[in-house]
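*Asks:*
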Amino acid sequence: MTEPSTQQPRQSPPPPAGSGGTVPLDSTAQLLTRITAQLGTQLSLVSRNGTRRPMHRTRPSEALRPSDTLRPSAAPRPPDAPRSPGTPTLLVVAHGSRDPQALRTVLALLDRVRDLRPGLDVRLGHIELNRPLLPDTLDGLRGADAVLVPLLLGRGHHVKHDLPAAAAAAPAVRTRVAAPLGPHPLLVEALYGRLVEAGWDPADQGSRSAAVVLAAAGSRDPDSAQDTRRTARMLAERLGVPVVPAYASAATPTFPAALRALAARGRHRTFVASYFTAPGRFASAAAGAAPRTAALPLGAHPAIARLLLHRYDQALSATARSGGVSLLASA
């Protein structure tokens, strides 16, 4: 037998720079490795429905979400579906908060809305405290149609005055202003879900010792207080126990006063439902007053995402019935 040669195989020198040639691969394994890497890069830019994801829309990782979201926070968010031409933008108008958790919660909620209706252009504008501010978002929609959907729970000053004023100050955008979120059965669904997460036992329905405080922000507008009371009545029907509205500011009773009044009636097993769209100062005050774990704010609960889309659709239908006149959709 002939001994194997110890001489190394001759390799071709690399082509000169700029020659357009290809560097020879040393082995089949290297070729497979390179093909696999390139294929993985290309597949990361393709959505599940086969459309290519625009490069300017890619995001490296999922934003942090509350515990009720569909995907784990570490999973990459799937690409946005192509937008439907001619469909008005859904512009969600949040109040804004200095609590950093508030913005993260609202962004998670908007992601859930996009999941429910792929192709719909969903944007965010804040009344104050957070960017993007509503006028800036409207400025980026020049020449477009938009429905302003308040991420607000009742007919207070922001809904009646601030949103119509912002729309009027943006004449280059054809706007409609939707109704606030409440009152609505989907809000009650979200409130009930949060209470169960906080320890409410459905077996407490009809209990003579149980009750709920519906902790709200408060407003001097009587329509806002009326909306909160109506939501409290709807929640009481769902739970089978008294539900008392209480407020962080501008209205009475306060959270501690409502809890004391319920205790005086023998309602010692009392829960606090957070009637807030996101974490913030008022939600923290409600949690601090609770005799046991307070329910989380509504946040990115699936029912809230569905309600935003319902108010959006409602505003479009109302505008169509009125012959194209911009108006506040009825509750």
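Take any residue in the sequence shown, count from 1 to its spot, add 58: that is its number in this note's numbering. Each residue gets a CB set at the ideal place from its N, CA and C atoms; glycine is no exception. Because the structure is a prediction, the values reported are computed rather than measured.
Nearest-angstrom Cα distance between L293 and L199?
*Replies:* 38 Å
*Asks:* If we call anything under 8 Å between Cβ atoms a contact, is P222 one with V205?
*Replies:* no
*Asks:* Three or more beta-carbon pairs under 8 Å between the segment 234 to 254 and the segment 166 to 181, yes or no?
*Replies:* No contact exists between the segment 234 to 254 and the segment 166 to 181.
*Asks:* Assign P303 to one of three DSSP states: helix, strand, or coil.
*Replies:* strand
*Asks:* Going by C-alpha to C-alpha distance, which of L244, R278, D194 and L191 sits closest to A308?
*Replies:* R278
*Asks:* So, for D203: in the same chain, excluding its five sequence neighbours on each side, which residues have a beta-carbon less than 6 Å away from its beta-carbon?
*Replies:* Within the same chain, P146 and R232 come within 6 Å of D203 by CB-CB distance, once the 5 residues on both sides are set aside.
*Asks:* So, at 6 Å on beta carbons, what are the nonlocal neighbours of A348 in its own chain, with the 5 sequence-adjacent residues on each side left out?
*Replies:* V330
*Asks:* If you scan the segment 268 to 293 from start to end, which runs of the beta strand (DSSP E) of 3 or more residues do you find wholly inside it?
*Replies:* 268 to 274
*Asks:* If contact is defined by three or more beta carbon pairs under 8 Å, each pair taking one atom from either stretch, is the segment 326 to 342 in contact with the segment 258 to 268?
*Replies:* yes
*Asks:* Give the secondary structure of T310 by DSSP, where H, G and I count as helix, E and B as strand, and everything else as coil.
*Replies:* coil
*Asks:* Among residues of its own chain, excluding the 5 on either side of A290, which ones have a beta-carbon nearer than 8 Å to its beta-carbon?
*Replies:* L272, V301, V302 and P303
*Asks:* Could you tell me which residues DSSP puts in a beta bridge with T233?
*Replies:* A204
*Asks:* Count Cβ pairs between the segment 212 to 226 and the segment 244 to 253 that sit closer than 8 Å; are there 3 or more?
*Replies:* Output reads no: the segment 244 to 253 does not touch the segment 212 to 226.
*Asks:* To the nearest angstrom, how far is it from the Cα of A420 to the Cα of A344?
*Replies:* The displayed coordinates of the chain run from 59 to 389. Any statement about residue 420 would go beyond what the structure contains.
*Asks:* Under the three-state reduction of DSSP, which class applies to T163: helix, strand or coil?
*Replies:* helix
*Asks:* Per DSSP, R181 forms a beta bridge with which residues?
*Replies:* L149
*Asks:* Could you tell me the alpha carbon to alpha carbon distance between K218 and D281, rounded to whole angstroms?
*Replies:* 10 Å
*Asks:* What does A331 pair with, by DSSP beta-bridge criteria?
*Replies:* L272
*Asks:* At which residues does the alpha helix (DSSP H) containing E255 begin and terminate?
*Replies:* Unbroken alpha helix (DSSP H) run through E255: P243 to E255.
*Asks:* Taking all protein chains shown into account, decide if G201 is buried (16 or more other Cβ within 10 angstroms of its Cβ) or exposed.
*Replies:* Label assigned to G201: exposed.
*Asks:* Ordered along the chain, which non-local residues of its own chain (more than five positions away) have a Cβ less than 6 Å from that of V164?
*Replies:* Same-chain partners within the cutoff: A152 and A336.
*Asks:* Can A306 and G346 be called in contact, C-beta distance under 8 Å?
*Replies:* It is not a contact, given that the beta carbons lie outside the stated cut-off.
*Asks:* Going by the CB atoms, is the gap between A166 and A358 shorter than 8 Å?
*Replies:* yes
*Asks:* Considering only DSSP beta bridges, list what L191 is partnered with.
*Replies:* H184
*Asks:* Determine the contact status of L367 and R175, defining contact as a CB-CB distance below 8 Å.
*Replies:* yes
*Asks:* In the structure shown, what three-state DSSP assignment does S155 receive?
*Replies:* The three-state reading of DSSP puts S155 in coil, since its state is none of H, G, I, E or B.
*Asks:* Measure how close the beta-carbons of P311 and A319 come, nearest whole angstrom, since I'm counting them as under 8 Å.
*Replies:* 7 Å
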